[in-house]
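Chains as they are written, first to last, in my numbering: chain A, 9 to 116; chain B, 7 to 119.
The C-beta atom is built at its ideal place from N, Cα and C for all residues, glycine as well.
A quick write-up on the structure given underneath.
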């Protein structure tokens, strides 16, 4: 079983729509959780950390469910510039484990 | 934050040869890591580069194949030795003050023919 699993998508949505997707993780001892964004042929960049109580950063909302071991990301009012691959990242054993990513394409 | 550069950005190499990738950070960082990412797949951690000591390798990666150096807190190298086509991938360096705060370099796109 992979440490972090994500729906690869792609999620194709029109501008202004809301899109949401999840990832699941296998290590119940994981302590820190993140969403990274990776544009085509670019390096991953931290989008936001995910806190137990859930948190927002502008149009982005992240939720953590420790009991079910899943993390979600919701993007409101999608922009063309939100088109990217979103990587779910989980910490454990002094390293980060990355999901394969969920691809989101926002169309005009 | 940290700004990370890698050299070369890409290379095409013949099987059986070796390539050394350089990673430079614009400030001192405690942690540096090397990853591999194949198209459509997740980042796979190769090793943690330890300053002044041997790197810590993940399962499936060995020092003879991927020797790593880290002479100081701003620089590291990864060598891909005795390359085969299966080593074709993107190799990424990251660095930060802790393992959960990582900034990535732009990657080195390696093709082995």
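The Cβ atoms of residue 82/A and residue 93/A lie no closer than 7 Å to each other. Contacts between residue 44/B and chain A, judged by CB atoms closer than 9 Å, are missing: the closest CB pair is about 10 Å apart. 50, 51, 52, 53, 54 and 57: these are the residues of the stretch 50-72 of chain A whose beta carbon lies less than 9 Å from some beta carbon of chain B, given in chain order. Per DSSP, reduced to three states, the secondary structure at residue 93/B is helical. It is roughly 8 Å from the alpha-carbon of residue 108/B to the alpha-carbon of residue 37/B. One thing to note: residue 58/A has its Cβ no nearer than 7 Å to the Cβ of residue 86/A.
The C-beta of residue 103/A comes closer than 7 Å to at least one C-beta of chain B. No Cβ-Cβ contact shorter than 7 Å links residue 101/B with residue 12/B. Residue pairing by DSSP places residue 17/B opposite 116/B in a beta bridge.
If you compare the alpha carbons of 47/A, 28/A and 55/A with that of residue 91/A, the shortest gap goes to 47/A.
Within chain A, the residues 99, 102, 103 and 104 have their CB atoms less than 8 Å from the CB of residue 105/B, given in chain order. Taking the C-beta atoms as reference points, residue 42/B is found nearer than 7 Å to residue 97/B.
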